[in-house]
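A short worksheet on the structure shown next.
Protein chains in written order, with my numbering: chain A, 1 to 161; chain Z, 162 to 511; chain P, 512 to 1039; chain C, 1040 to 1570.
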């Protein structure tokens, strides 16, 4: 899934970012600070922003991408406002968590590990949230939903929409 | 130049003190295996195949990243070294498709060569292997991550020698591959298709998209000069059944092992069906095939005619900056010595 | 004049601070030294942590009050560069980041190597799981690090320093930023320090989540803006380091030790600890220990004294099984070696390492294979992927450990594991790769019987590996049905007030039944 | 090149002017980039922002045709600031005062005005060049393909001498020769005034030497250049034209003019490996073999004579060019026969001082850079080592003169042409490589984004481009790497062939056509024009 980074909508941040780049570009080793600032400002590393870094710091885009994928703190997908984690621990799995996960995916039109284009929701999976007796369990942000059924999914989401 | 004396595999040699063990061994005619080493590049130290035992060191040392020292005693083929190399090769094979039978690289693959030399086989195991990733977007070559040993030669050739920087390592650890920005494919990167990465790849990970099927041992190599610009890059034409099927750069030459997209990949014109195969004469606006004898006859007729009617300066010749010295020499000789005119020029100006 | 200013601040501030701390019953006086009060601190000797929890880290004057920046003044005003190097050499201070390389020797290498530019780097990329020594120093006494770096800069002729700190330590970043700004404002960093013509500036660089950047050359790569992949050591970092210039990398604790050494002299430092490992070492004592926390003791202190006298032994009176030192690069030390002296040589002699100071205590309920697997998984995740043995080898080792904990391994797998452990440690490029198998090697050495129990008997003696345990309901069952109600997979049968039973075919070993069983004092649900 | 390719990496400063090196000489381009990575300074003077601009310390984006003003401006700065190599000049050069007098009239302000670049950049470039111990100049057709091309080369030579960069390792003045054996073709005397090794036709001694060797009388009248030939054809003075391995219908300026000449000439022989656009106009087409099917030598841009080796058999009845020429000579009664090119090289080295030490055995492994005087000589890495070859280096001050055709109301844009990475010359060979066509398969014209916007032209639009000589249809490539009043076209393609637009004004000295400057108009193709 592609996330169209809206340069216009982010105009202020982009301007701020460019100002930051022109300040640091005379320093040796400006790439890491640049990436860190970008992650901070945009909450992920959009392609467009990496291209700006490439142009301003005169570093090939491939090298920037190589560096960015090396460090685990950088992300290429914006995190949604609401993080949904479906527990896929054994108990939940046995109780049909996979179907629940699929229902979330269907409902939001994204896959696990992705974020909706309005940046509202991200879906992830969890490895045992330690609530096996209430399986299947779903966690949204820090709220726990026990004994989730497929038909509950829409209703659960509505509260966050 | 300061020199030092050292012993490698009981052979005593004296070499420049700035050399590394791997360079000294090469001078001594001792081959140390290596997968990520290229004398044109900085030491990378990733493959660990060049490990040797150095007396006085408890640990194994990599020959590529160890400088020679006075009195150093190096052993490149002890049991310990050989076992370690076998283990490293085994680890590579564990994460490499067992498809040498159909791999185009077979016969010129360093991994295969070393596996053979050290007697290491593929084994079955239940562990993870690298996820499939293929970049076939470039018209001339293909990258197959599963055959990649991550020696980084392609990345370093691209960034340090070609200085394009179209590819780099992507991800970390076991998930590392060689990729383009956002894995959008070579064709969407700043790749200039020079293929210098392909020439450097020791395995079948980066391979030309060949129209012809050929095995490394079936081709004869003919060293010649590339015909696409004035740099004069030295190349080996790979020839199978009287057909040029590939090109590889020569390292010890003006081009230092580099080529451009034309030199590396534009060889199909040689055996192209459109090639002119016979002299053609235009008669009534239509070209007809004629023999060489007939062609020469016509030329003689024309020359005699104009020589008599118009004199030597009615002849003119355009020689070619694409032909050899010998041909250019003969061409001007033809005009000067035989046709008696200096109306001769070539396209130096274009 | 500059010294007078320092003295004035010290003389004004110190009584004030001490008085307040005494009033709050936080500290006590040990001779002239102000130390934290309480049993936990009684047997500690705090040099690197000397100011932690005593001064306010956001007030440079409080640092000065406890002799802060007097060492830098002393170095600049009365010692030549080579004298500083000499002092450090004589102190025999060894790098506290893990490898224990003599600091003075390192400095001498950089000092005697001619270059137009040199660098000092403080490695604050503390990444070992369970270790937080450096973090405490950075957050609670940042100036001790800045001062140590400045002294290092003076000694080798560097005017620029970098602190490479993990991004996961936002508080440390904040404290450091503040401290650097304050020191600059006071003229203790920056141009012409103490008016003696020495310039030294410090810049913060943040990591971005790569454990391998704790390795010196990877750290340099990272500062330079590259992937943090270690470089082969064709040349010493002290000669060819950051941007090809002579570079000294020391860790946080090492730098924190520098000011006291300069101030009190090498002899004083050598009087503490052992002959070959003088001084103290900070440990973060965690795991199944009664009193978890930071411990600083003289080198050579017995492990038993740390775990039992200071740490108070295992929680819940469980039996001590092992202590893991040195994080993913270290090893597990069994009961037999509790009397080992904690110093570089002694730990190495039993297959572990000092490491940066993580000490994870384990009790009888910890499965050693599971621990080895845990650390291997960490190494797999954090391997940079550059060299073959570490990238491929740690993954294969992890897979074998997985098989063992699942009861699917045979003796051949165990042999393979041992072989792989040696390849990886013998042939990896950097220190991390070379030491990654240590958790496996030491557990194989000291807990082979546990491995055999998993492989041959298909049992986990610690009853921790899910695949190898079964839940059963004993005759103590009172038939309350609570377990039945809580079972997520309906694997429990039984009528009210009658003994229940578990269908082991259905059981997914989630442990819910065990957790909820109300029978006392011994639960009716048993683990085999 | 005065110096060698291997020296590029050791230049302290590299001055690239009128050369899109990474596209036209990709491997040399790579070496230049390597040098920059190693710390060399790079000055680029080019009307377009090219790949090297990104590596440059200074990019002088000058108007096409203003090279001389730029160089004079740089020399003005160097002389005003006394940064020239006085000792070198005193020892090796003549006419410095004249040069100083002339460039005094080119203060950076004036040059900046003419070139359309910031004066500070000219100053910066001059300082970088002059302050470098070893600075090399690299140029190609962007310098020579102007009506003032020879003067521009002289100008560059003045600059190099001024800073003592000739006769020095890792420096020099280095034209990068475009075609694989353009150096060799010139060395071999395939030019109207020179015999091999630049021995003059009008030089009695030289001519006699060749008359003796060839046992025949020779003409001492200087012959016609390509452009003159076409004129002489129209004047019906030339009747017989023999073109070997050339495709002037695509490569030469003013295609309409070329075609009319080829149509007009009485008898035209074209010898090539494919049926080229030029073959269409031939009376007789002779099939030759490609470089991979014959033996011989090429001389590269650093004067290195290297072997060409036969790898595959001749196709059909095609023959190596040397054999065809020899057979024609024999047919015409000149008896000399050669069984292999090696024998021809023997004859060449006996007549050519620079090649006298060269033979196939000696060049087998790595080639040899001429001059190579005798059998012990291992060749010459860089020229003028001990003294400037003509004795003393002569400063030849030259004034800037406008290009012959300048924009006006009817043709308001300057069109400049050039090469791209993916094709060689007229695509006879590269046009038959699918992959190359996939990446770069058709003609286009680069246009500045603001200009395009003003003319309502969008990227990919079909456009009509006109000049006084012809018009073509091609596609617009909207870029921000070119000035507002400049357009660029690669000349390789026949669909929208740039040379229909170019003019035949030539440099009076070297007779090189002014392909880099033509006045043109451009407009978006209207709907109704689409067929």
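Cβ atoms here follow ideal geometry from the backbone N, Cα and C, with glycine treated the same way. None of the values given here were measured: they were computed from a predicted structure.
Per DSSP, what kind of secondary structure is residue 870 of chain P in: helix, strand or coil? Taking the first residue of the third chain as 1, we reach residue 870 of chain P at position 359. It is a strand residue.
Could you name the residues of chain P that residue 28 of chain A contacts, counting a contact when the two beta carbons are closer than 9 Å? Along the first chain, read from residue 1 onward, the residue named residue 28 of chain A stands at position 28. 734, 735, 736, 753, 754, listed in chain order.
Rounded Cβ spacing between residue 808 of chain P and residue 818 of chain P (contact assumed at less than 8 Å): One-based indexing of the third chain puts residue 808 of chain P at position 297. One-based indexing of the third chain puts residue 818 of chain P at position 307. That belief does not hold up - the Cβ atoms of residue 808 of chain P and residue 818 of chain P are roughly 11 Å apart, past 8 Å.
What does a CB cutoff of less than 7 Å around residue 1008 of chain C pick up in its chain, not counting 5 residues either side in sequence? Any answer about residue 1008 of chain C is impossible in this case: the structure gives chain C only from 1040 up to 1570.
Checking contacts by CB at 8 Å: is residue 716 of chain P closer than that to chain A? Against the third chain, residue 716 of chain P aligns to sequence position 205. Yes, because at least one Cβ of chain A sits closer than 8 Å to the Cβ of residue 716 of chain P.
Neighbourhood of residue 1570 of chain C by C-beta distance below 8 Å, restricted to the same chain and skipping five residues each side: In the fourth chain, counting from the first residue as 1, residue 1570 of chain C sits at position 531. At residue 1570 of chain C, the pLDDT of 46 sits below 50, so the modelled position is not reliable and the matter cannot be decided from this model.
As a quick exercise: from P:651, P:780, P:911, pick the residue whose alpha carbon is nearest that of residue 805 of chain P. Reading the third chain from its first residue, position 294 is the one you call residue 805 of chain P. If we check each option's Cα against that of residue 805 of chain P, P:651 comes out closest.
Does DSSP classify residue 139 of chain A as helix, strand or coil? Numbered from 1 along the first chain, position 139 holds the residue referred to as residue 139 of chain A. Correct three-state label for residue 139 of chain A: strand.
Take residue 240 of chain Z as the anchor and find which of Z:257, Z:224, Z:213, Z:217 has the nearest alpha-carbon. In the second chain, residue 240 of chain Z corresponds to position 79, counting from 1. The candidate whose alpha carbon is nearest that of residue 240 of chain Z is Z:213.
Beta-bridge partners of residue 1487 of chain C, as assigned by DSSP: For the purposes of this step, residue 1487 of chain C is taken as residue 448 along the fourth chain, with counting starting at 1. For residue 1487 of chain C, which the question treats as bridged, DSSP gives the partners C:1518.
Can you confirm whether residue 739 of chain P, when its beta carbon is compared against all beta carbons of chain A, has any partner nearer than 8 Å? Residue mapping note: residue 739 of chain P aligns to position 228 of the third chain, counting from 1. Yes, contact with chain A.
Taking the beta strand (DSSP E) that residue 1528 of chain C belongs to, which residues open and close that run? Reading the fourth chain from its first residue, position 489 is the one you call residue 1528 of chain C. Secondary structure note for residue 1528 of chain C: its beta strand (DSSP E) is the uninterrupted segment 1525 to 1529.
If we ignore side chains and look at the alpha-carbon of each, how far apart do residue 124 of chain A and residue 86 of chain A end up? Indexing the first chain from 1 puts residue 124 of chain A at position 124. Indexing the first chain from 1 puts residue 86 of chain A at position 86. Roughly 6 Å between the two C-alpha positions.
Scan the region 879 to 951 of chain P and note each continuous alpha helix (DSSP H) run of 4 residues or more that stays entirely inside, going in chain order. 879 to 893, 905 to 916, 922 to 938, 942 to 946
Mind reading off the beta-carbon distance from residue 687 of chain P to residue 653 of chain P? Whole number of angstroms is fine, and I expect it under 8 Å. To locate residue 687 of chain P, count along the third chain from 1; it is residue 176. To locate residue 653 of chain P, count along the third chain from 1; it is residue 142. So it is a contact: roughly 5 Å between Cβ atoms.
Neighbouring residues, chain Z, relative to residue 561 of chain P (Cβ below 8 Å): Here residue 561 of chain P refers to the residue found at position 50 of the third chain. Ordered by position in chain Z, no residue passes the 8 Å Cβ test against residue 561 of chain P, which lies about 37 Å from the chain.
Measure the Cβ-Cβ separation of residue 1007 of chain P and residue 990 of chain P and say whether it is below 8 Å. Here residue 1007 of chain P refers to the residue found at position 496 of the third chain. Here residue 990 of chain P refers to the residue found at position 479 of the third chain. A contact, by the Cβ cut-off of 8 Å.
Quick one, which of P:530, P:547, P:528, P:543 has its alpha-carbon nearest residue 537 of chain P's? The residue you call residue 537 of chain P lines up with position 26 of the third chain. In this structure, P:547 is the residue among P:530, P:547, P:528, P:543 with its C-alpha nearest to the C-alpha of residue 537 of chain P.
CA-CA distance, residue 1262 of chain C and residue 339 of chain Z? Position 223 of the fourth chain, counted from the first residue, corresponds to residue 1262 of chain C. Position 178 of the second chain, counted from the first residue, corresponds to residue 339 of chain Z. Spanning the two alpha carbons is a distance of roughly 58 Å.
For a cutoff of 8 Å on Cβ pairs, would you count residue 63 of chain A as touching chain Z? If you number the first chain from 1, residue 63 of chain A lands on position 63. Taking a beta-carbon distance threshold of 8 Å, residue 63 of chain A counts as an interface residue toward chain Z.
Please tell me whether residue 899 of chain P has its Cβ less than 8 Å away from any Cβ of chain Z. If you number the third chain from 1, residue 899 of chain P lands on position 388. True, the Cβ-Cβ gap to chain Z drops below 8 Å.
At 4 residues or longer, what runs of the alpha helix (DSSP H) sit wholly inside the region 1327 to 1385 of chain C? 1360 to 1370
Stretch pair the region 1058 to 1067 of chain C + the region 1032 to 1039 of chain P: three plus CB contacts closer than 8 Å: No, they do not touch.
Residue 1312 of chain C: contacting residues in chain Z (beta-carbon distance under 7 Å): For the purposes of this step, residue 1312 of chain C is taken as residue 273 along the fourth chain, with counting starting at 1. Under a criterion of Cβ atoms nearer than 7 Å, the residues of chain Z adjacent to residue 1312 of chain C are, in order, 436, 437.
Cβ closer than 9 Å: which chain P residues qualify as neighbours of residue 572 of chain Z? Because chain Z in this structure spans residues 162 to 511, residue 572 of chain Z falls outside the shown range and cannot be described.
Please tell me whether residue 139 of chain A has its Cβ less than 8 Å away from any Cβ of chain P. Here residue 139 of chain A corresponds to residue number 139 of the first chain, with the count starting at 1. No, no contact with chain P.
For residue 1489 of chain C, which residues of its own chain have a beta-carbon under 7 Å away from its beta-carbon, when the five flanking residues on both sides are left out? Start at 1 with the first residue of the fourth chain, and residue 1489 of chain C comes out as number 450. Taken in chain order, the residues that qualify are 1523.
8 Å Cβ cutoff met for residue 108 of chain A and residue 97 of chain A: Position 108 of the first chain, counted from the first residue, corresponds to residue 108 of chain A. Position 97 of the first chain, counted from the first residue, corresponds to residue 97 of chain A. The answer is no: Cβ separation not under 8 Å.
When Cβ atoms are compared, which residues of the region 65 to 99 of chain A fall closer than 7 Å to chain Z? 65, 66, 69, 70
Beta carbons nearer than 8 Å to chain A: which residues of the region 324 to 355 of chain Z have them? 325, 326, 327, 328, 329, 330, 331, 332, 333, 340, 341, 342, 343, 350, 351
Cα-Cα separation between residue 947 of chain P and residue 1092 of chain C, rounded to whole angstroms: The residue labelled residue 947 of chain P in the question sits at position 436 within the third chain. The residue labelled residue 1092 of chain C in the question sits at position 53 within the fourth chain. Cα-Cα distance, rounded: 46 Å.
Among all the DSSP beta bridges, which residues are the ones paired with residue 303 of chain Z? In the second chain, residue 303 of chain Z corresponds to position 142, counting from 1. Partner(s): Z:368.
Nearest to residue 368 of chain Z (by Cα), restricted to the options Z:331, Z:411, Z:297: Here residue 368 of chain Z corresponds to residue number 207 of the second chain, with the count starting at 1. For residue 368 of chain Z, the nearest C-alpha among the options comes from Z:297.
Residues near residue 1466 of chain C in its chain [Cβ-Cβ closer than 6 Å; skip 5 each side]: Along the fourth chain, read from residue 1 onward, the residue named residue 1466 of chain C stands at position 427. Correct list, in chain order: 1531.
Between residue 559 of chain P and residue 768 of chain P, is the Cβ-Cβ spacing less than 8 Å? For the purposes of this step, residue 559 of chain P is taken as the residue at position 48 of the third chain. For the purposes of this step, residue 768 of chain P is taken as the residue at position 257 of the third chain. Yes.
DSSP-derived helix/strand/coil call for residue 435 of chain Z: Position 274 of the second chain, counting from 1, holds the residue named residue 435 of chain Z. Three-state DSSP puts residue 435 of chain Z in coil, outside helix and strand.
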